[in-house]
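First up is the structure itself, then whatever we jot down about it.
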Amino acid sequence: MKKLLSIVLASALSLSMYALDIFAYAPINGNVKSYTQTEYSIVNRFGDLFRVADTKIIHNFDSRFQETEVIELNAKDTVLNKTYNLYDRNNNLVEQDCYDADGILLWKTVITYKNNLKVDSSEYGKNGTLRGKVIYVYDGNQLVEETGYDFDGSLVWKTVYTYEDDNLKAISQYDFNGNLDTQDTYTYTDSGKVESIYSYDSFTKISTLKVFRYSSDDTLNDIITYDVNKQIINRMIIKYDSTGNVAKISTYDVSSKFGSTLNELVKITEFVYSSDVTDVPEKAASTTTKTTKTTKAASDTKKTDTTSTSAKTGTTKTTKKETTKTTKTESTKTSSTKKATPKVEIPSSEDEEIDEEFEEEDIDYETTYSDDAK
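1 is the number of the first residue of the sequence shown in this note's numbering; add one for each residue after it.
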């Protein structure tokens with residue numbers, strides 16, 4: 001059984017809308033007070049690919065680079081919801097309040113700490129009724145167990161964390177009957193970066209392996225997903241801006257269609273950063289952009305990153321957490337500050353062509369897909 005409460009928490013707290021938090025592997029650099037993340041889906045029209053804006057997420061930070069507000073908008077820049085973060089004097093996140101576009105409370109999460117370690121988080125509905133609770137257990141300062149309960153105190157799920165040499169080794173999630181649900185196993189590079197994540201889902205019986213590829217300066221360039229047959233099924237290509245921050249992620253599915261293997265662009269995510277807090281845009285941006293046709297290639301191909309990748313990624317210890325960059329010094333609600341809205345790079349025309357090539361590169365499967373990762 002999947003987590004209910006943690007899904008809500010993740011949606012409001014994560015710096016990314018991915019299951020994979022890209023900023024855990026490529027931390028934000030510079031004097032950033034806000035960034036806007038725009039998600040595009042890809043549609044095929046008469047053989048040409050168009051990107052269509054789905055959602056936009058605005059993340060605002062305080063002077064300590066602690067996330068204070070998250071605003072979710074649709075493709076027309078209409079506010080869907082706003083989440084405000086509250087902190088104690090020790091910079092611990094202690095409360096989150098999520099409101100809809102009309103300012104009506106949707107849910108509230110209250111988090112308690114002991115010795116600056118999170119011990120439980122409780123989620124409440126719009127009427128103030130308890131919807132669920134998560135209890136955290138530690139070995140020293142390492143999180144080793146999370147247990148999720150329903151509103152009536154019944155067990156819903158349990159997650160167990162294991163470590164090796166202070167690095168996270170595995171995350172195992174169990175259902176309310178104690179049966180293994182999913183398991184992720186981690187390996188690391190010599191410099192301490194995540195090298196691979198081997199995932200197993202007991203319900204679907206599907207195993208996958210994510211391989212993280214870095215440049216010589218430890219900048220993450222792409223993430224390749226393999227199936228159990230050691231074939232590439234997905235590729236995330238990461239590009240950076242001139243300051244070394246993630247600017248664009250292009251996601252490809254690799255599959256067999258029409259008698260050949262296609263690297264099919266399925267998603268684009270763009271990030272725009274600002275040194276000012278970003279308010280809700282006053283006018284809606286256009287939502288559709290055209291890209292070039294899908295390219296054919298062998299399943300062992302790679303997109304060459306032609307954008308600067310000079311920024312180094314941070315050391316990654318992937319543990320469940322409410323947020324990677326959220327805290328404020330006093331326990332006060334932070335509302336959006338009205339300032340000049342930075343220009344957001346959204347396509348200005350409905351059918352603007354984008355050149356999304358997927359260039360070929362041979363990959364040694366036996367080297368890239370290591371059975372030791374299991």
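Ideal Cβ positions, reconstructed from N, Cα and C, are used throughout, including at glycine.
Do you know offhand how far residue 20's Cα is from residue 93's?
-> Here the question's residue 20 lines up with position 20 in the sequence shown. Here the question's residue 93 lines up with position 93 in the sequence shown. Cα to Cα, residue 20 sits roughly 21 Å from residue 93.
Would you call residue 73 buried or exposed, if buried means 16 or more other Cβ atoms sit within 10 Å of its Cβ?
-> To locate residue 73, count along the sequence shown from 1; it is residue 73. Flag for residue 73 reads buried.
Assign residue 51 to buried or exposed, taking buried as 16 or more other Cβ atoms, counted over all protein chains shown, within 10 Å of its Cβ.
-> On the sequence shown, residue 51 is found 51 positions in, with the first residue counted as 1. Buried: at least 16 other Cβ atoms inside 10 Å.
Own chain residues within Cβ distance below 6 Å of residue 55, not counting five before or after | Position 55 of the sequence shown, counting from 1, holds the residue named residue 55. Excluding residues within five positions, the ones whose Cβ falls inside 6 Å are 39.
Opposite residue 53 in the DSSP bridges: which residues?
-> Here residue 53 refers to the residue found at position 53 when the sequence shown is read from its first residue. BP columns for residue 53 point to 40.
Same chain, Cβ closer than 8 Å to residue 155, neighbours up to 5 away in sequence not counted | Locating residue 155 in the sequence shown gives position 155, where the first residue counts as 1. The residues are 147, 148, 149, 176.
Quickly, what does DSSP pair residue 170 with across the bridge? List them, please.
-> Here the question's residue 170 lines up with position 170 in the sequence shown. In DSSP, residue 170 forms a bridge with 162, 185.
Indicate the three-state DSSP secondary structure (helix, strand or coil) for residue 258 in the structure shown.
-> Start at 1 with the first residue of the sequence shown, and residue 258 comes out as number 258. Correct three-state label for residue 258: coil.
Does the separation of the CB atoms of residue 224 and residue 235 fall below 8 Å?
-> Locating residue 224 in the sequence shown gives position 224, where the first residue counts as 1. Locating residue 235 in the sequence shown gives position 235, where the first residue counts as 1. For residue 224 and residue 235, yes; Cβs fall inside 8 Å.
Is residue 28 helix, strand or coil by DSSP?
-> What you label residue 28 is simply residue 28 of the sequence shown in a count that begins at 1. Residue 28: coil per DSSP, three-state reduction.
State yes or no: is the C-beta of residue 136 within less than 8 Å of the C-beta of residue 120?
-> Taking the sequence shown and counting its residues from 1, the one referred to as residue 136 is at position 136. Taking the sequence shown and counting its residues from 1, the one referred to as residue 120 is at position 120. In this structure, residue 120 lies closer than 8 Å to residue 136 by Cβ.
DSSP puts residue 134 in a beta bridge; with which residues?
-> Taking the first residue of the sequence shown as position 1, residue 134 is located at position 134. 121, 148.
Apply the 10 Å Cβ neighbour rule to residue 134 and answer buried if 16 or more other Cβ atoms are within range, or exposed otherwise.
-> As a working note, residue 134 is residue 134 in the sequence shown. Buried, by the Cβ-count rule.
Which stretch, first to last residue, makes up the beta strand (DSSP E) that contains residue 207?
-> To locate residue 207, count along the sequence shown from 1; it is residue 207. Segment 206 to 214, the beta strand (DSSP E) holding residue 207.
Taking contact to mean at least 3 C-beta pairs separated by less than 8 Å, is the region 268 to 275 in contact with the region 249 to 259?
-> yes
Please report the residue range of the beta strand (DSSP E) in which residue 231 lies.
-> Here the question's residue 231 lines up with position 231 in the sequence shown. That residue, residue 231, is in no beta strand (DSSP E); it is neither H nor E in DSSP.
Closest residue to residue 280 among 127, 217, 37, 23 (Cα-Cα distance) = For the purposes of this step, residue 280 is taken as residue 280 along the sequence shown, with counting starting at 1. When only C-alpha atoms are compared, the closest one is 37.
Are the beta-carbon atoms of residue 244 and residue 29 separated by less than 8 Å?
-> The count along the sequence shown starts at 1 and reaches residue 244 at position 244. The count along the sequence shown starts at 1 and reaches residue 29 at position 29. Closer than 8 Å, so yes.
Classify residue 221 as buried or exposed, calling it buried when 16 or more other Cβ atoms lie within 10 Å of its own Cβ.
-> Start at 1 with the first residue of the sequence shown, and residue 221 comes out as number 221. It counts as buried.
Residue 46 in three-state terms, based on DSSP = Numbered from its first residue, the sequence shown carries residue 46 at position 46. The answer is coil: DSSP assigns residue 46 none of H, G, I, E or B.
Hey, would you say residue 218 sits closer than 8 Å to residue 191, going by beta carbons?
-> Against the sequence shown, residue 218 aligns to sequence position 218. Against the sequence shown, residue 191 aligns to sequence position 191. Taking 8 Å as the Cβ cut-off, residue 218 and residue 191 qualify as a contacting pair.
Taking residue 243 as part of the beta strand (DSSP E), name the residues at either end of that continuous run.
-> By one-based count along the sequence shown, residue 243 stands at place 243. No beta strand (DSSP E) holds residue 243; DSSP gives it neither H nor E.
Endpoints, the beta strand (DSSP E) within which residue 96 is located = As a working note, residue 96 is residue 96 in the sequence shown. Its beta strand (DSSP E) spans residues 93 to 100.
Do residue 170 and residue 181 have their C-beta atoms within less than 8 Å of each other?
-> The residue labelled residue 170 in the question sits at position 170 within the sequence shown. The residue labelled residue 181 in the question sits at position 181 within the sequence shown. Not closer than 8 Å, so no.
Per-residue burial, residue 80 [other beta carbons within 10 Å of its own, 16 or more giving buried] = Counting from one through the sequence shown, the residue named residue 80 turns up at place 80. The residue is exposed, with fewer than 16 neighbouring Cβ atoms inside 10 Å.
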